[in-house]
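*Asks:*
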Amino acid sequence: MIAKTPQPPYYAVIFTSLRTKNNENDSYSNTATRMMELAHQQPGFLGVESCRQEIGITVSYWKDLESIKTWKANLEHLQAQEQGKDRWYESYRVRVAKVERDYEFEAT
Numbered sequence: 372m373i374a375k376t377p378q379p380p381y382y383a384v385i386f387t388s389l390r391t392k393n394n395e396n397d398s399y400s401n402t403a404t405r406m407m408e409l410a411h412q413q414p415g416f417l418g419v420e421s422c423r424q425e426i427g428i429t430v431s432y433w434k435d436l437e438s439i440k441t442w443k444a445n446l447e448h449l450q451a452q453e454q455g456k457d458r459w460y461e462s463y464r465v466r467v468a469k470v471e472r473d474y475e476f477e478a479t
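Quick note: the sequence shown, position 94, residue 465 per my numbering, numbers continuous.
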């Protein structure tokens, strides 16, 4: 689903990852689901889009940089980050970008 975001400006956190070849799909899926639930509860959270094939890309949208900083420091999120480094990710990269403009198309 495409996130419904407000008019810019707002911020995007782009999390790109490569998974390890382990067999911990259940624990990974459970943690990913929990992180989505938790993110939705955070002040300043605007929406999220995510997909995974060979590479995973999750883009979360935030009202401001302070909201992103608060999310990054969330204790449960920090614990999930450590599990990711130890168990699930071969590599990842996080990028933070300011969205200056957006537009859309929707077939009728």
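Quick reminder that beta carbons are idealized off the backbone N, C-alpha and C, glycines included.
1) Is DSSP giving Ile374 helix, strand or coil here?
2) With a 10 Å radius around its C-beta and 16 neighbouring C-beta atoms as the bar for buried, classify Met406 as buried or exposed.
3) Would you call Ile373 buried or exposed, if buried means 16 or more other Cβ atoms sit within 10 Å of its Cβ?
4) Figure out for me which residue from Ile385, Glu425, Tyr460 and Thr441 has the closest Cα to the Cα of Gly415.
5) Would you mind stating whether Thr429 and Phe476 have Cβ atoms separated by less than 8 angstroms?
6) Quick check on DSSP: helix, strand or coil for Thr479?
7) How long is the line joining the alpha carbons of Gln413 and Pro380, rounded to whole angstroms?
8) Hey, Tyr399 and Leu417 are a contact pair by Cβ (cut 8 angstroms); roughly how many whole angstroms apart?
*Replies:* According to the structure data:
1) Rather than Ile, the amino acid found at residue 374 in this sequence is Ala. Correct three-state label for Ala374: coil.
2) buried
3) exposed
4) Thr441
5) No, these two residues do not count as a Cβ contact at 8 angstroms.
6) Correct three-state label for Thr479: coil.
7) 19 angstroms
8) At roughly 25 angstroms, the Cβ-Cβ gap does not stay under 8 angstroms, so Tyr399 and Leu417 are not in contact.
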